[in-house]
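A quick write-up on the structure given underneath.
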Amino acid sequence: MAVLFAVWLGNAHALDTTALQNLATGDNDARIAAIEALVVAGDVAALPVIQALQDGALQATPAGQLLIVTEAGATDAVTNQPLANIPKDAARITINNRVRRALDAALVAFKLFSPDSTKRLEAAQQLSEGDPILLPLVQKALTSEKDPAVRAALELAQSGMALQSDDSKQRLAAVQSLANSAQEATKTRLLKLLEKDGAGQFAEPDANVRAAAAKAIAAIEQRLKIAEYAGHVFTGISLGSILLLAALGLAIVYGLMGVINMAHGELLMIGAYATYVVQNLFKTHLPQYLDLYLIAAVPVAFGVAALVGMALERGVIRHLYGRPLETLLATWGISLILIQLMRTVFGAQNVEVANPSWMTGGVTVLGSLVLPYNRIVIIVFAMLVLCLVWLAFTRTRLGLHMRAVTQNRAMADCMGIPTGRTDMLAFGLGAGVAGLGGCALSQIGNVGPELGQGYIVDSFMVVVLGGVGQIAGTVYAALGLGVMNKFLEPYWGAVLAKIMLLVFIILFIQKRPQGLFAAKGRAVEG
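Structure, rendered in structure tokens:
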């Protein structure tokens, strides 16, 4: 309420006294007419009066004096002067549902002058099919609006209101203006103009307006189709980024040691639960910095998953090198142990990891396509992790050792490279990257003990398609499969789309067993 009074004071000038008198003493029809008159005048000084009437804080005396009565005291609704005493004959103005609906529309219209651009945009979108009586207020808002998104919404609202005009020229101009829209709601509204009643008469009597409406509908459908394809590409890249984070660590381990690690999905799960624990610690001990918990969770998720991975390699896998079946069974058993351990510690139910405030919401592009901030952040995060892994492979001593062992383990051992230690650190690096993938996954869904189970098969598909131990191949395969999956899902469904991708990979591997990028080295070439 204080904000409304601040707006009032900043725009104070004479209000329509006749309209205020009707609010005070008129019947409900007169009050609705008074509300419409205040809106048509486009005077934001009337906002506190309308809000007070909606809140039940507007009182009137038999003489017609209007008062706004709140816990802080009473003020004269016309002069905004405080009153020492509330007149004894003042009574609260009661309204019916018709008046409330008129007040709702008026308050939405007055939000067009809010200092918050989000509220202005919301109001403009709500007015897209508003009463033409609000048109003067929309036009007034357009003269001062600087935000491009709000201006676009206001122009659409203005055109939508003009569609209800009795003048066919105004309706034609409105249709031509709406042709620039990319909203499904606009298309639906234009389609109504081409509908026929029971007698076969068009809803829009003017043939020129109908022709313009048909042309506008075709243009809007084309934009919607472009937005749909762009949405598939974006969600495909988003899914591909998640697959990349899940498969990158697996590509390192499988390429270096040839180990089929069935517990890799559980390393994702560990990273997600580590993020959940960090979030709770911030909630308990640093609530004022809660929005920063995700930044702190990234190194924690990496570290915890890397330690688990190294312990797994030292404790189990190093004893099973060269025995792929035993390794597969052992890691599968470890995955079941880790799942049960998480159920014991955190419970069988999923836990929620909330997005920080700076990752909530999204950006609207192409008129109707919303790109969520959390998905955008995950894509950027995946690219950053990819760059860091590439630098680790190409610019560090560990990376040199890992590449040497991948190409020819026996020769690397003869050259003095500690292959056992390299295996452990490589497994830790791969597990840590999987932990980062779990941290990212926690931002787009709930975290549960079976979180990693849904990604282990997809991760192996990415690694096999990209080429064993090939980071570039992993990137292309992850993004490619992600985009293909999102284009197939709308037509075939999620299950059939995945089956088709699996068939494609099988056929591809039949023709090119080494994957997109073949491994190089003396051991391979020999």
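Note that the working numbering has the sequence shown beginning at 687, numbered continuously upward.
Cβ coordinates follow ideal geometry from the N, Cα and C atoms, glycine included.
Remember, it's a predicted structure, so these values are computed and weren't measured experimentally.
(request) To the nearest angstrom, report how far apart L1011 and Y915 are at their CA atoms. (result) 43 Å
(message) I'd like the list of long-range same chain contacts for Q1196, defined as Cβ closer than 6 Å, with 5 residues on each side in sequence excluded.
(response) none
(message) My output table needs one value for Q737: the three-state DSSP class, helix, strand or coil.
(response) helix
(request) Under the assumption that E1038 contacts N1132 (Cβ atoms under 8 Å), give the Cβ distance between them as a whole number of angstroms. (result) 6 Å
(message) Assuming E952 and I1003 are in contact, meaning their beta carbons sit under 8 Å apart, how far apart are those beta carbons, in whole angstroms?
(response) About 14 Å separates the two Cβ atoms, so there is no contact after all.
(request) Return helix, strand or coil for K1184, following the three-state DSSP convention. (result) helix
(request) Could I get the ranges of all uninterrupted beta strand (DSSP E) runs contained in the stretch 1032-1063, with 3 residues as the minimum, in chain order? (result) 1048-1051 and 1055-1058
(message) Is it the case that the stretch 1028-1045 contacts the stretch 957-965, given that we only count it when at least three CB pairs across the two stretches are under 8 Å?
(response) yes
(message) At the level of alpha carbons, what is the spacing between H1087 and A1183?
(response) 40 Å
(request) Using three-state DSSP, classify I1195 as helix, strand or coil. (result) helix
(message) Please report the straight-line C-alpha distance between L931 and V1119, rounded to a whole angstrom.
(response) 7 Å
(request) From the DSSP output, read off the bridge partner residues of R778. (result) Q745
(request) Using three-state DSSP, classify G886 as helix, strand or coil. (result) coil
(request) Using beta-carbon positions only, say whether V1090 and L1084 come within less than 8 Å of one another. (result) Reading off the sequence, residue 1090 comes out as Ala, not Val. Cβ atoms of A1090 and L1084: not closer than 8 Å.
(message) Using a 10 Å radius around the Cβ and a threshold of 16 neighbouring Cβ atoms, would you call C1100 buried or exposed?
(response) exposed
(request) Assuming G995 and G1114 form a contact by the criterion Cβ under 8 Å, report the distance between their Cβ atoms to the nearest whole angstrom. (result) 5 Å
(message) My output table needs one value for G1153: the three-state DSSP class, helix, strand or coil.
(response) coil
(message) Can you find the residues in the same chain that come closer than 6 Å, C-beta to C-beta, to G1134, ignoring five residues on each side of it along the sequence?
(response) N1036
(request) Determine, using beta-carbon pairs with one atom in the stretch 793-813 and one in the stretch 835-854, whether at least three such pairs fall under 8 Å. (result) yes
(message) Does the contact criterion of 3 or more C-beta pairs under 8 Å hold for the stretch 1068-1076 versus the stretch 848-857?
(response) no
(request) Check whether the stretch 741-754 touches the stretch 770-777, counting contact only when three or more Cβ pairs, one atom from each stretch, lie closer than 8 Å. (result) yes
(request) Determine the contact status of L1127 and V984, defining contact as a CB-CB distance below 8 Å. (result) no
(message) For L821, which residues in the same chain have their Cβ closer than 6 Å to its Cβ, ignoring the five residues on either side in sequence?
(response) M847
(request) Would you check if the distance between the CB atom of G922 and the CB atom of V1169 is smaller than 8 Å? (result) yes
(request) Please report how far the alpha carbon of P801 lies from the alpha carbon of Q737, in whole angstroms. (result) 17 Å
(request) Under the assumption that L929 contacts A731 (Cβ atoms under 8 Å), give the Cβ distance between them as a whole number of angstroms. (result) Contact doesn't hold; Cβ gap of about 57 Å is too wide.
(message) Judging by CA-CA distance, which residue of R717, L823, V764 and Q850 is the nearest neighbour of R787?
(response) R717
(message) In whole angstroms, give me the CA-to-CA distance for R837 and E831.
(response) 6 Å
(message) Three or more C-beta pairs under 8 Å: does that hold for the stretch 1144-1160 against the stretch 1012-1031?
(response) no
(message) Distance check for V861 and L1193, CA to CA, integer angstroms please.
(response) 51 Å
(request) Could you tell me the distance, in whole angstroms, from the CA atom of G935 to the CA atom of A1117? (result) 6 Å
(request) Would you identify the three-state DSSP class for V945, choosing helix, strand or coil? (result) coil
(request) Quick one: using the 10 Å Cβ neighbour count with 16 as the cut-off for buried, is G1201 buried or exposed? (result) buried
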